[in-house]
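Here the structure is laid out as structure tokens; the discussion comes afterwards.
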Amino acid sequence: MSRGTVFGVGVGPGDPELLTVKAARVLRSTRVVAYFAKRAKTGNAYATAQQYLHPEVELMPLYYPYTVEISPNHPDYITSMRTFYDESAERVAASVAEGLDVAVLCEGDPLFYGSYMYLHDRLAQREACRVIPGITSFAGCAAGAGIPLVSTDRTFSIIPGTLPEAELEAKLRGSDAAAIIKLGRHFGKVRRVLERLGRSHNAMYFEHGTTAQERAMRLRDKLDDKSLYFALIIVPGHDGGPFRPQFDELRS
Numbered sequence: 235m236s237r238g239t240v241f242g243v244g245v246g247p248g249d250p251e252l253l254t255v256k257a258a259r260v261l262r263s264t265r266v267v268a269y270f271a272k273r274a275k276t277g278n279a280y281a282t283a284q285q286y287l288h289p290e291v292e293l294m295p296l297y298y299p300y301t302v303e304i305s306p307n308h309p310d311y312i313t314s315m316r317t318f319y320d321e322s323a324e325r326v327a328a329s330v331a332e333g334l335d336v337a338v339l340c341e342g343d344p345l346f347y348g349s350y351m352y353l354h355d356r357l358a359q360r361e362a363c364r365v366i367p368g369i370t371s372f373a374g375c376a377a378g379a380g381i382p383l384v385s386t387d388r389t390f391s392i393i394p395g396t397l398p399e400a401e402l403e404a405k406l407r408g409s410d411a412a413a414i415i416k417l418g419r420h421f422g423k424v425r426r427v428l429e430r431l432g433r434s435h436n437a438m439y440f441e442h443g444t445t446a447q448e449r450a451m452r453l454r455d456k457l458d459d460k461s462l463y464f465a466l467i468i469v470p471g472h473d474g475g476p477f478r479p480q481f482d483e484l485r486s
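Each residue of the sequence shown is one higher than the one before, counting from 235 in this note's numbering.
What follows is the structure in structure tokens.
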């Protein structure tokens, strides 16, 4: 019996219409679909992809042992998550051994902070694995809000808000534009750093980006320090450079 294929499927930032044509095609034909979620939940990736799934699909929920209960640096978290990914990879491999293709759903892009990559680490050397890229959260939010991110020879950084404050500040100092992700309880710290650097005036804040529940506003208009883990802040770095209107007049 020939073995199946593992598909790491990026489902994009939340709007079901932002799945790629390739992702939709694979999901319509694949009979086993795995998805990551908090226990007793289905998760955002499943909600985004649900309408594309085969009517006779077999679902394989992969429930995280932890989400935000303890620090990711805690030894118990590291041990439990390593075991979780080991066991999840074996569950996927068991279906592949039966000749079944398995699509593993992943929010955004599977290889960009995606949980799928930990299965890929464990499976790619022994199984046929195919990765279908997806639109990232910052790209979807920027497009929806019409924010040019970065241009010419400027740099763009993806910075986790979970970093220590001094490291967060150093990385923002060294970047012309940035998307700051993984906010949640770190939001106040992130805003404090941006204000200290004088970079909060043109920053944009997003929750539930690209979905019907999207909440987008200028960072300076957000009056509280409450945030979601999957919220993000975009600090654009595009000013048009030598191509902006009236550049010659402004230079003179």
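Ideal Cβ positions, reconstructed from N, Cα and C, are used throughout, including at glycine.
To the nearest whole angstrom, what separates the beta carbons of residue i and residue j, a pair I think is in contact under 8 Å?
{"i": "Asn278", "j": "Glu341", "result": "5 Å"}
{"i": "Pro382", "j": "Pro247", "result": "With a Cβ gap of about 18 Å, Pro382 and Pro247 do not count as contacting."}
{"i": "Pro502", "j": "Thr276", "result": "Outside the displayed range of the chain (235 to 486) lies residue 502, so it cannot be described from this structure."}
{"i": "His420", "j": "Thr389", "result": "Not confirmed; about 23 Å, so no contact."}
{"i": "Val330", "j": "Glu292", "result": "About 13 Å; that fails the 8 Å criterion."}
{"i": "Leu334", "j": "Arg265", "result": "6 Å"}
{"i": "Ala257", "j": "Gly368", "result": "7 Å"}
{"i": "Glu448", "j": "Ala465", "result": "No, Glu448 and Ala465 are not in contact; Cβ-Cβ is about 11 Å, not under 8 Å."}
{"i": "Gly238", "j": "Val336", "result": "6 Å"}
{"i": "Gly231", "j": "Thr444", "result": "There is simply no residue 231 to check, as the chain begins at 235 and stops at 486 in what is shown."}
Per DSSP, what are the beta-bridge partners of residue i in this structure?
{"i": "Val336", "result": "Val240, Val266"}
{"i": "Ile312", "result": "According to DSSP, Ile312 bridges with nothing at all."}
{"i": "Tyr181", "result": "Residue 181 cannot be examined here, being either before or after the span of the chain that is shown, 235 to 486."}
{"i": "Cys363", "result": "Val240"}
{"i": "Leu293", "result": "Val267"}
{"i": "Phe390", "result": "Ala411"}
{"i": "Gly380", "result": "Beta-bridge pairing links Gly380 to no other residue."}
{"i": "Gly246", "result": "Gly342"}
For a test of the three-state rule: what should DSSP assign to residue i, helix, strand or coil?
{"i": "Gly395", "result": "coil"}
{"i": "Leu484", "result": "In this prediction, Leu484 has a pLDDT of 45, which is less than 50 and means its spatial position is unreliable; nothing more can be read from the coordinates."}
{"i": "Gly374", "result": "helix"}
{"i": "Leu406", "result": "helix"}
{"i": "Phe277", "result": "For the record, residue 277 in the displayed sequence is Gly; it is not Phe. Three-state result, Gly277: helix."}
{"i": "Leu252", "result": "helix"}
{"i": "His288", "result": "coil"}
{"i": "Met351", "result": "helix"}
{"i": "Ala328", "result": "helix"}
{"i": "Ser322", "result": "helix"}
{"i": "Ala400", "result": "helix"}
Given a threshold of 16 other Cβ atoms within 10 Å of its Cβ, counted over all protein chains shown, does residue i qualify as buried or as exposed?
{"i": "Arg425", "result": "buried"}
{"i": "Asp343", "result": "buried"}
{"i": "Met235", "result": "exposed"}
{"i": "Lys456", "result": "buried"}
{"i": "Leu296", "result": "buried"}
{"i": "Ser305", "result": "exposed"}
{"i": "Phe477", "result": "exposed"}
{"i": "Ser434", "result": "buried"}
{"i": "Ala328", "result": "exposed"}
{"i": "Val245", "result": "buried"}
{"i": "Thr370", "result": "buried"}
{"i": "Tyr393", "result": "Going by the sequence as given, residue 393 is Ile instead of Tyr. Buried, by the Cβ-count rule."}
{"i": "Ser263", "result": "exposed"}
Beta strand (DSSP E) runs contained entirely in the segment 405-477, provided each spans 3 or more residues: 411-415, 438-441, 449-452, 466-469
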